[in-house]
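In our numbering, the protein residues as written are 388 to 811.
#1: Could you tell me the distance, in whole angstroms, from the CA atom of residue 423 to the CA atom of residue 768?
#2: If we count Cβ pairs, one from each stretch, closer than 8 Å, do we get three or more for the region 674-684 versus the region 635-643?
#3: Grab me the residues of residue 754's own chain with a C-beta within less than 7 Å of its C-beta, minus the 5 sequence neighbours each way, in chain order.
#4: For residue 425, report the span of its beta strand (DSSP E) as first-last.
#5: Taking just the CA atoms, how far does residue 670 sit from residue 647?
#6: Do you know offhand how far residue 427's Cα is from residue 518's?
#7: Where do the ends of the beta strand (DSSP E) carrying residue 357 lie?
#8: If we count the other Cβ atoms within 10 Å of its Cβ and call it buried at 16 or more, is residue 487 buried or exposed?
#9: Taking only the alpha-carbon atoms, compute the straight-line gap between residue 599 and residue 484 and give it to the nearest angstrom.
#10: Given a cut-off of 7 Å on the beta-carbon distance, is the pair residue 533 and residue 521 in contact?
#11: For residue 446, which residues does DSSP report across the bridge?
#12: Expressed to the nearest angstrom, what Euclidean distance is found between the alpha-carbon atoms of residue 686 and residue 775?
#13: How many angstroms separate the CA atom of residue 782 from the CA atom of residue 733?
#14: Answer with buried or exposed for residue 800, where buried requires no fewer than 16 other C-beta atoms within 10 angstroms of its C-beta.
#15: Which residues bound the beta strand (DSSP E) around residue 670?
#16: With a threshold of 8 Å on Cβ separation, who are the neighbours of residue 499 within its own chain once the five nearest residues in sequence on each side are excluded?
#17: Specify the secondary structure class of residue 418 as computed by DSSP and reduced to three states.
#18: State the start and end residues of the unbroken beta strand (DSSP E) segment that holds residue 562.
#19: Do three or more CB pairs link the region 539-546 to the region 570-581 at distances below 8 Å?
#20: By the three-class DSSP mapping on this structure, what secondary structure does residue 771 have?
#21: Could you name the residues that DSSP lists as bridge partners for residue 766?
#22: Using 8 Å as the threshold, is the region 501-515 in touch with the region 609-619, meaning 3 or more CB pairs across them?
#23: Nearest CA to the CA of residue 759: which residue from 476, 694 and 810?
#24: Looking at the unbroken alpha helix (DSSP H) that takes in residue 579, where does it start and where does it end?
#25: For the alpha helix (DSSP H) that contains residue 701, what are its first and last residues?
#26: Our contact map puts residue 464 next to residue 439 with C-beta atoms below 8 Å; I'd like the distance itself, whole angstroms only.
#27: So, for residue 673: in the same chain, excluding its five sequence neighbours on each side, which residues have a beta-carbon less than 7 Å away from its beta-carbon?
#28: Note down the Cα distance separating residue 582 from residue 568, rounded to an integer number of angstroms.
#29: DSSP on residue 800, reduced to helix/strand/coil?
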């Protein structure tokens, strides 16, 4: 130590080494170098291979990053069971609602540039949202339509407290008549800006700020980005997020040359039932329109395709306080705001958890009852994908599979248990 202190520059470099490593691109690492036991990781190998062998999962990719390095990155099972194509680590998955975190980051980037404030009414940028309505259910059945008590704000959309669902609330009939229900947009020929414009005229499920209602909020944010930035959402995300982070395989619609890497969708309708290949082309439960579809509607709430490594790069940027591989996407204070519980007195379902600006956030481990840390943040997608970030443990976990619905699976909970038991 005396010799190190006699060389001040060397001493400073050694102190800065952990920070420097975290700022670099994700690279493979021996588990023990980042405080993870190789022996204990074998429980993860065995468990996920059993899911495949028992016919509960078609295939999956699991990536664990710690301290800015990747000690665990493995693929299990098949990309396509009928063809016998093994699952590659660079398989491309439909990430559905994992799109929401990326679009939420895009909105916060615009705030950092002074082009909006999240406290602004959405109607300042999308005029049709300045005055909206709410459907109030009647005791005797049916509903009445009342004016919203205040304009919806951008923050309401980021926290899913705008009162906007997926078209299945009290005014379900009106949403069905408008052809706006469910999160799947890939088959739409109508540009998303027009869909959102029509959506604003429909009765919402609750008053702004009244309660958490999961729905089209982030699709509206995607259109907000288009209007404020003056470019299509796919171009904005590519230029401002995907290219700087090296997310080369993240797209709204799949380039034809990457078709053979797209994971096939399967369904598990019953808890004890077998996996069945979803129909082709199908819609949300099928193989989808990501290859042959109209390529006209960019869903900010559920439209992206990605790989485990691409998404890990995005999450590592968040864990690093907004930077990755020398590129700053957000300020560290914006990251802190996004990953803080914003629910206050607004009821939020899962006990011990709240919701920030695009992420679910752990607030009380005892109440939640699962391993992790206070402040870890997470979400997932309709095709049974999942991720979380644990800043206290410098940990990023990405789990991709393609099963919808996924009845009777406990793989998400077991993945969390198996990752944490391997920490030294």
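For every residue, glycine included, the Cβ atom is placed at its ideal position computed from N, Cα and C. If you're wondering where the values come from, they're calculated on a predicted model, not measured in any experiment.
Walking through what the data contain:
#1: Position 36 of the chain shown, counted from the first residue, corresponds to residue 423. Position 381 of the chain shown, counted from the first residue, corresponds to residue 768. Cα-Cα distance, rounded: 27 Å.
#2: Below 8 Å, enough C-beta pairs join the region 674-684 and the region 635-643 to call them touching: three or more.
#3: The residue labelled residue 754 in the question sits at position 367 within the chain shown. Same-chain partners within the cutoff: 738 and 739.
#4: Counting from 1 along the chain shown, the entry for residue 425 is found at position 38. Per DSSP, residue 425 lies in no beta strand (DSSP E); the unbroken alpha helix (DSSP H) holding it starts and ends at 425-440.
#5: The residue given as residue 647 occupies position 260 in the chain shown. The residue given as residue 670 occupies position 283 in the chain shown. For residue 647 and residue 670, the distance between alpha carbons rounds to 19 Å.
#6: On the chain shown, residue 427 is found 40 positions in, with the first residue counted as 1. On the chain shown, residue 518 is found 131 positions in, with the first residue counted as 1. In a straight line, the C-alpha of residue 427 is about 56 Å away from that of residue 518.
#7: Because the chain in this structure spans residues 388 to 811, residue 357 falls outside the shown range and cannot be described.
#8: Here residue 487 refers to the residue found at position 100 when the chain shown is read from its first residue. Around the CB of residue 487, 16 or more other CB atoms lie within 10 Å, so the residue is classed as buried.
#9: Working through the chain shown from its first residue, we reach residue 599 at position 212. Working through the chain shown from its first residue, we reach residue 484 at position 97. Looking at the two C-alpha atoms, the distance is approximately 16 Å.
#10: As a first step, residue 533 is located in the chain shown; it is residue number 146 there, counting from the start. As a first step, residue 521 is located in the chain shown; it is residue number 134 there, counting from the start. Yes.
#11: As a working note, residue 446 is residue 59 in the chain shown. Per DSSP, 464.
#12: As a first step, residue 686 must be located in the chain shown, where it is residue number 299. As a first step, residue 775 must be located in the chain shown, where it is residue number 388. So the alpha carbons of these two residues sit roughly 22 Å apart.
#13: As a first step, residue 782 must be located in the chain shown, where it is residue number 395. As a first step, residue 733 must be located in the chain shown, where it is residue number 346. In a straight line, the C-alpha of residue 782 is about 29 Å away from that of residue 733.
#14: Taking the first residue of the chain shown as position 1, residue 800 is located at position 413. Classification for residue 800: exposed.
#15: For this step, residue 670 is matched to residue 283 along the chain shown. Element bounds for residue 670: n/a, residue is neither H nor E.
#16: Along the chain shown, one-based indexing puts residue 499 at 112. So the list reads 717, 718 and 721, once near-sequence residues are dropped.
#17: For the purposes of this step, residue 418 is identified with residue 31 of the chain shown, where counting begins at 1. Residue 418 falls in the helix class under three-state DSSP.
#18: As a position in the chain shown, residue 562 is number 175, starting the count at 1. Looking at the DSSP string, residue 562 is not in any beta strand (DSSP E); the run it does join, the alpha helix (DSSP H), is 559-565.
#19: no
#20: Counting from one through the chain shown, the residue named residue 771 turns up at place 384. Correct three-state label for residue 771: coil.
#21: Mapped onto the chain shown, residue 766 falls at position 379. 774.
#22: yes
#23: For the purposes of this step, residue 759 is taken as the residue at position 372 of the chain shown. Among 476, 694 and 810, the Cα nearest to that of residue 759 belongs to 810.
#24: If you number the chain shown from 1, residue 579 lands on position 192. 579-586 is the span of the alpha helix (DSSP H), which, as asked, contains residue 579.
#25: Here residue 701 is taken as the residue at index 314 of the chain shown, counted from 1. Element bounds for residue 701: 695-706.
#26: Counting from 1 along the chain shown, the entry for residue 464 is found at position 77. Counting from 1 along the chain shown, the entry for residue 439 is found at position 52. With a beta-carbon spacing of about 4 Å, residue 464 and residue 439 fall inside the 8 Å limit used to define contacts.
#27: By one-based count along the chain shown, residue 673 stands at place 286. Contacts found: 652, 665, 666 and 667.
#28: On the chain shown, position 195 is the one that residue 582 refers to. On the chain shown, position 181 is the one that residue 568 refers to. Residue 582 and residue 568 have their alpha carbons spaced roughly 11 Å apart.
#29: On the chain shown, residue 800 is found 413 positions in, with the first residue counted as 1. Three-state DSSP puts residue 800 in a helix.
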